[in-house]
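Participant: Can you read through this structure? Questions will come right after.
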Amino acid sequence: MLTRSTDKIIVANVPVSPDHYIGGQRISSEKTFTVSSPVDESILGEVAAGGAEEVDAAVNAALKAHPKWAALGPKGRAVYLRRFADIIESRVEELAAVETMSNGSLLESGRKRVMKRAAYNIRFFAEWAENLKGKTWESNGTQYSVQYQPSGVAALITPWNAPLMLTTWKVGPALAAGNTVVVKPPEWAPFTCSLLADCAEEAGLPAGVLNIVQGIGEEAGAALTEHPGISRISFTGSVETGRIIGKVAADRIVPASMELGGKSPLVVFADSDFEAAVRTAIGQYDNAGQVCLAGTRILVEQSIADRFLEAMTEAAGRIVLGDPRKEETDVGPLITREHMNKVEGFVERAKEQGARLVYGGNVSEQLGGLYFEPTLFTDVPEHAEILKEEVFGPVLTFQTFSIEEEAIQMANNTEYGLAATIFTGNEDRAKRVGSAITAGTVWINTFFARDLSAPFGGSKKSGIGREGGDWSFDFFCDIVTLAHKT
Ligand code: NAD
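Set out below in structure tokens:
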């Protein structure tokens, strides 16, 4: 039996529903899970832990809402989605405050960039859908036209490191494509997705178009991917979970898009803008290194290596580690104690396996809690785990190379392929090395530039498929060929 709820809990002075959002109603669950804040490890509240029953209700609500939503067409849907984006934008301050308390990301960055980007994700894809043109041509007396049709209900599953941004990156195109959605937010940071449902309601999105089922991945998430009513699974998270979801999707022949982890290289040639390259290397500690795209393997040309290491060490000494709500803070806490234990394990094993610690390596003595120092290893043996596995913390490695071919070989010496960054002052080299590295996105003399019309995704173990621009619609839509005898 599903029970309606009007409960709210207060996170960062903002009232937030701890419950699901199903068919336009707040629904509670008997079971709950406890969410705490990485900022001070205080308990933020008990959140509804959904399972098969709640997922079934949400998918059924989405199925019921689908025909009318699909029939609105891209222009009709865009009216709602623009309003939705406007309301998200009007609540940037609240969303940023709640996100910071939930996952420890910097408040300033949330207020100035990330939450606005969440609104933009919705607006951008609404407009893209309005302008999406199928193709038409004639061949052998038959006219062919390719159409993008809504595919049904999309299951959207997201991680905790940027919950609202990553959720809207999926909600935007899925809804603009004419699908209805069921979102399973991350259990370690579930609150901004709950506020997203409030924004949808305020924007007047019809009941059932956007549904949220809170809960633990292995229960709510698994029930969602296994539900026979869903037509798409878009997942962002770890390789381990990607594997589990991939098997379920294969069994049911449901298209699944996978945006997974990374172990990206940052390659610095001697002819590069030295200061910009050092700044970018130090920037890999942003969000306490809990960034899938982070260039965690710093590869520097031998001739500038000593100077670069010195400059990095000096710049790292200036990083302000601390409360993410304070303006002066550069790097905040890790998400949970469980995650911190994992990061500490990587650091300990790196030392045991012979890597040399240049700086960091510990929880801050002064701050305690989940505040882990920016950390750098050098002289890392080739077989060491720290070169191979994603740490998802503020831990970088430093290696050197002598010639371009060696840099390419080292950059590609990974099972991952999410992103790569190259710094060089030589345009020919930029093109050569850029196309020789296997990764979904290769940045040259820049980092983190992400235009929403560009394809985004991972090569190798970092994922399956691409989203962004047309690619999002290739995934979320059923693509139909009409072959008409003329
Ligand atoms: P995770 O895989 O543990 O969890 C991600 C989501 O999947 C959560 O909502 C979780 O509840 C859910 N989940 C867990 N088990 C499930 C199951 N059996 N069935 C269905 N859903 C399930 O990942 P995480 O720890 O939340 O996030 C960190 C990982 O995400 C890192 O590896 C990071 O690189 C990756 N990531 C990738 C991108 C990208 O764009 N490629 C972006 C951000 C994060």
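Sequential numbering from 1 applies to the sequence shown in full-length UniProt numbering.
Using N, Cα and C, we set each Cβ at its ideal position, and we do this for glycine too.
(1) Label tryptophan 137 either buried or exposed according to how many other C-beta atoms from any shown protein chain fall within 10 Å of its C-beta, with 16 as the threshold for buried.
(2) Does alanine 12 come out as helix, strand or coil in the three-state DSSP assignment?
(3) Give a yes or no on whether the C-beta atoms belonging to serine 264 and valine 16 are separated by under 7 Å.
(4) Grab me the residues of glutamate 53's own chain with a C-beta within less than 8 Å of its C-beta, minus the 5 sequence neighbours each way, in chain order.
(5) Leaving out five residues on either side along the sequence, give the residues of the same chain with a beta carbon under 6 Å from the beta carbon of tryptophan 169.
(6) Going by DSSP, what residue range makes up the beta strand (DSSP E) through asparagine 211?
(7) Three-state secondary structure (DSSP) at alanine 200?
(8) Within a Cβ cutoff of 8 Å, which residues of the same chain sit near threonine 313, ignoring the five residues on either side of it in sequence?
(9) Could you pull out every unbroken alpha helix (DSSP H) segment of at least 4 residues lying fully inside the region 345-392, listed in chain order?
(10) From the DSSP output, which residues share a beta bridge with leucine 166?
(11) Return the chain-ordered list of same chain residues with a C-beta closer than 8 Å to the C-beta of threonine 336, the five sequence neighbours on each side being excluded.
(12) Between which two residues does the alpha helix (DSSP H) harbouring proline 67 extend?
(13) Examine the ligand NAD and report whether any of its heavy atoms sits within less than 6 Å of the Cβ of isoleucine 335.
(14) Using only the heavy atoms of the ligand NAD, determine whether one of them is closer than 6 Å to the beta carbon of asparagine 161.
(15) Give the C-beta separation of alanine 119 and glutamate 89 to the nearest angstrom, bearing in mind that I take them to be a contact with Cβ-Cβ under 8 Å.
(16) Check whether the region 388-406 touches the region 292-303, counting contact only when three or more Cβ pairs, one atom from each stretch, lie closer than 8 Å.
(17) Would you mind reading off the limits of the alpha helix (DSSP H) that contains isoleucine 245?
(18) In three-state DSSP terms, what is methionine 312?
(19) Cβ-heavy atom distance between isoleucine 212 and the ligand NAD below 6 Å?
(20) Answer with buried or exposed for valine 146, where buried requires no fewer than 16 other C-beta atoms within 10 angstroms of its C-beta.
(21) Does the ligand NAD have a heavy atom nearer than 6 Å to the CB of glycine 217?
(22) Give me the Cα-Cα distance between proline 374 and histidine 66, rounded to the nearest whole angstrom.
(23) Less than 7 Å between the C-beta atoms of serine 453 and glycine 440, yes or no?
(24) If you reduce the DSSP assignment to three classes, tell me which class leucine 264 lands in.
(25) Can you give the beta carbon distance from isoleucine 43 to threonine 34, rounded, assuming they're within the 8 Å contact cut?
(26) Can you name, in chain order, every residue of its own chain whose Cβ lies under 6 Å from the Cβ of valine 114, other than the five neighbours on each side?
(27) Residue ranges of each beta strand (DSSP E) run of no fewer than 3 residues wholly in the region 71-142, ordered along the chain?
(28) Counting pairs of Cβ atoms below 8 Å between the region 338-353 and the region 125-132, do you hit three or more?
(29) Would the beta-carbon of cysteine 193 be found less than 6 Å away from any heavy atom of the ligand NAD?
(30) If you draw a straight line from the alpha carbon of proline 206 to that of glutamine 149, how long is it in whole angstroms?
(31) Can you list, in chain order, the residues of its chain with a C-beta nearer than 7 Å to that of glycine 457? Leave out the 5 residues immediately preceding and following it.
(32) Which term fits leucine 482, buried or exposed, when burial requires 16 or more other beta carbons within 10 angstroms of its beta carbon?
(33) By the three-class DSSP mapping on this structure, what secondary structure does valine 442 have?
(34) Along the chain, where does the beta strand (DSSP E) that runs through lysine 485 open and close?
(35) If you drop the 5 nearest sequence neighbours on each side, which residues of the same chain put their C-beta closer than 8 Å to that of glutamine 409?
(36) For the alpha helix (DSSP H) that isoleucine 403 lies in, which residues bound it at each end?
Facilitator: Per the coordinate set shown:
(1) Around the beta carbon of tryptophan 137, a 10 Å sphere encloses fewer than 16 other beta carbons of the protein chains shown; the residue is thus reported as exposed.
(2) DSSP, read as helix, strand or coil, puts alanine 12 in coil.
(3) No; because the gap between Cβ atoms is not below 7 Å, this pair is not in contact.
(4) Only Leu2 meet the Cβ criterion.
(5) For tryptophan 169, where only same-chain residues beyond five positions count, the Cβ hits under 6 Å are Asn121.
(6) From DSSP, the beta strand (DSSP E) with asparagine 211 extends over 210-212.
(7) In the three-state reduction of the DSSP assignment, alanine 200 falls in the helix class.
(8) Same-chain partners within the cutoff: Val358, Tyr359 and Leu376.
(9) The region 345-392 contains no whole alpha helix (DSSP H) run of 4 or more residues.
(10) In the DSSP output, where bridge partners are listed per residue, leucine 166 has none listed.
(11) So the list reads Ser36, Pro38, Trp188 and Leu370, once near-sequence residues are dropped.
(12) It spans 52-71 - the alpha helix (DSSP H) in which proline 67 sits, taken as one unbroken run.
(13) No; taking the cut-off as 6 Å, the Cβ of isoleucine 335 has no heavy atom of the ligand NAD nearer than that.
(14) For the ligand NAD, at least one heavy atom lies less than 6 Å from the Cβ of asparagine 161.
(15) In this structure alanine 119 is in contact with glutamate 89, their Cβ atoms being roughly 4 Å apart against a cut-off of 8 Å.
(16) A contact exists between the region 388-406 and the region 292-303.
(17) 239-252 is the span of the alpha helix (DSSP H), which, as asked, contains isoleucine 245.
(18) Helix, per DSSP.
(19) Result no, Cβ not under 6 Å from the ligand NAD.
(20) Burial call: exposed.
(21) Relative to the non-hydrogen atoms of the ligand NAD, the Cβ of glycine 217 comes within a distance shorter than 6 Å of at least one.
(22) Cα to Cα, the separation comes out at about 47 Å.
(23) Judged by beta-carbon spacing, glycine 440 lies beyond the 7 Å limit of serine 453, meaning their Cβ atoms are not closer than that value.
(24) A quick correction: the sequence has serine, not leucine, at residue 264. Strand.
(25) Sure, about 6 Å apart at Cβ, within 8 Å.
(26) Contacts found: Met165.
(27) Listed in chain order, the beta strand (DSSP E) runs fully inside the region 71-142 are 136-139, counting runs of at least 3 residues.
(28) By the Cβ rule, the region 338-353 does not count as touching the region 125-132, because fewer than three pairs are nearer than 8 Å.
(29) For the ligand NAD, not one heavy atom lies less than 6 Å from the Cβ of cysteine 193.
(30) Distance between proline 206 and glutamine 149, taken at the CA atoms: about 20 Å.
(31) The beta carbon of glycine 457 lies closer than 7 Å to those of Glu259, Gly440, Gly463, Gly465, Arg466 and Glu467 in the same chain, with the five residues before and after it left out.
(32) Answer is exposed; the Cβ neighbour count stays below 16.
(33) Three-state result, valine 442: strand.
(34) Element bounds for lysine 485: 477-485.
(35) None.
(36) Boundaries for isoleucine 403: no alpha helix (DSSP H) harbours it, and the DSSP string shows neither H nor E there.
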